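Novice: Please find one structure pasted underneath; my questions will follow.
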Amino acid sequence: MTEKANKSVIEKLDQSQIEAQLDKLNENTVGNLWVIQDDKLHKTFKFKSFIWAVGWMSQIAIWSEKLKHHPEWFNVYNKVTVDLITHDANGITSLDFQLAAKMDVYAH
Numbered sequence: 001m002t003e004k005a006n007k008s009v010i011e012k013l014d015q016s017q018i019e020a021q022l023d024k025l026n027e028n029t030v031g032n033l034w035v036i037q038d039d040k041l042h043k044t045f046k047f048k049s050f051i052w053a054v055g056w057m058s059q060i061a062i063w064s065e066k067l068k069h070h071p072e073w074f075n076v077y078n079k080v081t082v083d084l085i086t087h088d089a090n091g092i093t094s095l096d097f098q099l100a101a102k103m104d105v106y107a108h
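Here it is, written out as structure tokens:
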């Protein structure tokens with residue numbers, strides 16, 4: 001478990017919770033689906049250009065700061081590969097799904 005700035009405790013989700021939240025997340029996703037890879041929430045986003053990819057990353061960086069939760073990500077030209085995990089909880093938490101949903105909204 002981890003304690004965030006808002007004093008709420010974030011707990012690692014079990015496999016059935018992860019699968020349920022993953023199904024819900026992927027109902028509204030555009031492009032590639034979110035998957036579990038290497039025990040992390042994983043997706044590759046593709047944009048019109050490098051500028052669009054970096055612009056999206058800038059928007060997500062603001063949300064990451066608000067949530068006090070930061071992605072592992074890698075950018076090459078118009079693609080951004082994202083892995084989400086809550087290191088303090090040593091696994092995937094609801095915070096990862098919350099950030100993933102924001103990523104999908106801003107990727108439209």
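The opening residue of the sequence shown carries number 1 in full-length UniProt numbering; numbering runs sequentially from there.
Every residue gets a Cβ at the ideal spot worked out from N, C-alpha and C, and that includes glycine.
Quantities reported herein were computed from a predicted structural model and do not represent experimental measurements.
1) Taking 8 Å as the limit between beta carbons, can you name the residues of its chain near T44, skipping five residues before and five after?
2) Using CA coordinates, which residue listed in F50, K40, I62, Q59 is at the minimum distance from K12?
3) If we count the other Cβ atoms within 10 Å of its Cβ and call it buried at 16 or more, is V54 buried or exposed?
4) So which of L22, A100, V76 has the shortest CA-CA distance to I60?
5) So what's N75 in DSSP terms, helix, strand or just coil?
6) Does the beta-carbon distance from Y106 to W73 come in below 8 Å?
Specialist: Once the coordinates are examined:
1) If you number the sequence shown from 1, residue 44 lands on position 44. So the list reads N32, K79, V80, T81, V82, once near-sequence residues are dropped.
2) Counted from its first residue, the sequence shown places residue 12 at position 12. Of the listed residues, the one whose Cα sits closest to K12 is K40.
3) Your numbering for residue 54 matches position 54 in the sequence shown. If you draw a 10 Å sphere on the C-beta of V54, you find fewer than 16 other C-beta atoms in it, and that means exposed.
4) Stepping through the sequence shown from its first residue, residue 60 is reached at position 60. Considering only alpha carbons, the answer is A100.
5) To locate residue 75, count along the sequence shown from 1; it is residue 75. Reduced to three states, the DSSP call for N75 is strand.
6) Taking the sequence shown and counting its residues from 1, one reaches residue 106 at position 106. Taking the sequence shown and counting its residues from 1, one reaches residue 73 at position 73. Result no, Cβ atoms of Y106 and W73 do not sit closer than 8 Å.
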